[in-house]
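Undergrad: Residue numbers (my numbering): 18 to 238. We put the beta carbon where it would ideally sit given N, CA and C, even for glycine.
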């Protein structure tokens, strides 16, 4: 993403910085529907701020040393014995190693199984008239190509702030989010990683309140 699509101001007395320890070394606002890629070094914390509320943030993690090691939903879920991510959840790689840890969250839980929207899934679920709409997989592809990755490197992602309950019959629901304006999630890097985000552009279901909005990415030492 070009820097002219991002803002870097950090006003004094900013509530989004409350509770963060360490120095702010990065602070960007990612516009609605856009992608974001950035390294986070071991020991640094990434805070994601849902600026206007009810915005899904699709996130993938790659080892900076060897990006064949990347976030694994299967290893994460198996290790913690729970589908949902909460404070204390360790985000594990396909090698079973800790990549990042959720050190704090003002939302009760986050999704591991809803996946990323794509033009194909939109067309199947909502009709062929949606096929021209931008989607998370397309964001991931745009973010991946300059990094030397391809569609084969896009794995099951985390959906921060997204509400995907498991129904009594075992089916998944995609319902109104449980976030609100200004709520946050903090993830600390346990190794040097590259974080790739699609600020979800979905407008056909309630995951973004049918109105995608910006999010803010803050990194502290």
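Roughly how many angstroms separate the alpha carbons of residue 126 and residue 104, rounded to a whole number?
TA: Computed Cα separation, rounded: 8 Å.
Undergrad: Would you call the stretch 100 to 120 and the stretch 184 to 193 in contact, with 3 or more CB pairs under 8 Å?
TA: The stretch 100 to 120 vs the stretch 184 to 193: no contact.
Undergrad: Can you tell me whether DSSP reads residue 166 as helix, strand or coil?
TA: Coil at residue 166, not helix or strand.
Undergrad: When the Cα atoms are used, what is the spatial distance from residue 161 to residue 36?
TA: Each residue's alpha carbon lies about 32 Å from the other.
Undergrad: Hey, residue 208 and residue 65: beta-carbon distance below 8 Å or not?
TA: It is not a contact, given that the beta carbons lie outside the stated cut-off.
Undergrad: For residue 142, report the span of its alpha helix (DSSP H) as first-last.
TA: Looking at the DSSP string, the run of the alpha helix (DSSP H) that includes residue 142 is 136 to 143.
Undergrad: Classify residue 108 as buried or exposed, calling it buried when 16 or more other Cβ atoms lie within 10 Å of its own Cβ.
TA: By the 10 Å Cβ count, residue 108 comes out buried.
Undergrad: Which runs of the beta strand (DSSP E) fall wholly inside the stretch 35 to 90 and span at least 3 residues, in chain order?
TA: Segments of the beta strand (DSSP E) lying fully in the stretch 35 to 90: 41 to 47, 52 to 57, 62 to 67 and 74 to 80.
Undergrad: Between which two residues does the alpha helix (DSSP H) containing residue 100 stretch?
TA: Residue 100 -> no alpha helix (DSSP H), and no H or E assigned at all.
Undergrad: Less than 8 Å between the CB atoms is what I'm expecting for residue 134 and residue 72, so what's the real figure, rounded?
TA: Not quite, the Cβ-Cβ distance comes to about 14 Å (not below 8 Å), so this is no contact.
Undergrad: Could you tell me whether the stretch 118 to 132 touches the stretch 89 to 102, where touching means 3 or more Cβ pairs closer than 8 Å?
TA: Yes, since at least three Cβ pairs between the stretch 118 to 132 and the stretch 89 to 102 fall closer than 8 Å, the two stretches touch.
Undergrad: Measure the C-alpha to C-alpha separation of residue 54 and residue 231 and round it to an integer number of angstroms.
TA: Each residue's alpha carbon lies about 15 Å from the other.
Undergrad: So, helix, strand or coil for residue 202, using DSSP?
TA: Note: residue 202 maps to strand in three-state DSSP.
Undergrad: To the nearest angstrom, how far is the alpha carbon of residue 196 from that of residue 216?
TA: Looking at the two C-alpha atoms, the distance is approximately 15 Å.
Undergrad: Just to confirm the assignment, what range does the beta strand (DSSP E) spanning residue 216 have?
TA: First-last of the beta strand (DSSP E) with residue 216: 210 to 216.
Undergrad: Taking residue 125 as part of the alpha helix (DSSP H), name the residues at either end of that continuous run.
TA: Where residue 125 is concerned, there is no enclosing alpha helix (DSSP H), given that its DSSP letter is neither H nor E.
Undergrad: Tell me the DSSP secondary structure of residue 183 in three-state form.
TA: DSSP places residue 183 in strand when its eight states are reduced to three.
Undergrad: Going along the chain, which residues of its own chain have a beta-carbon closer than 6 Å to the beta-carbon of residue 211, five neighbours each way excluded?
TA: So the list reads 56, 79 and 81, once near-sequence residues are dropped.
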